[in-house]
Amino acid sequence: MEEVRLLLHRIYRHFGLLNKNCCSVGGHDVSLLQSQILYEIDRSHQPSMQQIAFSLGLDITVFSHQAQTLIRKNLVAKQASESDRRVYILKLTTEGKFVTTVINEQIHAYLDRIFAGMSESERDTVVRGLTTLNGAMEKFPICCE
258 MEEVRLLLHR IYRHFGLLNK NCCSVGGHDV SLLQSQILYE IDRSHQPSMQ QIAFSLGLDI
318 TVFSHQAQTL IRKNLVAKQA SESDRRVYIL KLTTEGKFVT TVINEQIHAY LDRIFAGMSE
378 SERDTVVRGL TTLNGAMEKF PICCE
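The numbering of the sequence shown is this note's numbering, which starts it at 258 and goes up by one.
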């Protein structure tokens, strides 16, 4: 198991997951967590704060702090739901959409460079392996309690 942990640690490092900021776009330094929040908002239809926090496995207090930071950076806007004023809906601002698009393009370009050095069979093996690992991890979603 130590070999698996070491491999995962190296993957984290290659993706910059251990860095304070994973991206700098348009004058905005964006942390990994903020990047994930932007990604989730972008791929969801009018998500609530609670939905995004749940999808990322975050405590609502931690999520709320990060969302407020993104709001102050003018990357995210929030508004009360028309059907339930206690629920806040999140959406990307124009600037937030730009930052999210650039981050997505950077990640896709990075993955394209990685996979370009592999045969189709190797790429398929990696994708199947990651899919299998993700499926197994979903059965035990939290590492350290």
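Ideal Cβ positions, reconstructed from N, Cα and C, are used throughout, including at glycine.
Judged by pairs of C-beta atoms under 8 angstroms, the region 347 to 356 touches the region 321 to 334, as three or more such pairs exist. Using a Cβ distance threshold of 8 angstroms, tyrosine 345 and serine 301 do not count as a contacting pair. In this structure the region 259 to 267 does not touch the region 309 to 329; the number of beta carbon pairs closer than 8 angstroms is below three. DSSP lists no beta-bridge partner residue for leucine 264. Beta bridge pairing from DSSP links glutamine 336 with Ile346. If you draw a straight line from the Cα of asparagine 361 to the Cα of leucine 368, it is about 11 angstroms long.
Three or more Cβ pairs closer than 8 angstroms define a contact, and the region 312 to 327 meets that threshold against the region 287 to 295. Cβ atoms of leucine 349 and aspartate 299 come within 8 angstroms of each other, at about 6 angstroms. Per the DSSP secondary-structure output, valine 282 pairs in a beta bridge with His285. Annotation: methionine 258 is outside any alpha helix (DSSP H) and is labelled neither H nor E by DSSP. When the five nearest sequence neighbours on each side are left out, the beta carbons in the same chain lying within less than 7 angstroms of the beta carbon of valine 282 are those of Val356, Val359 and Ile360, in order along the chain.
Counting C-beta atoms within 10 angstroms of its own C-beta, isoleucine 294 has 16 or more neighbours from the protein chains shown and is therefore classed as buried.
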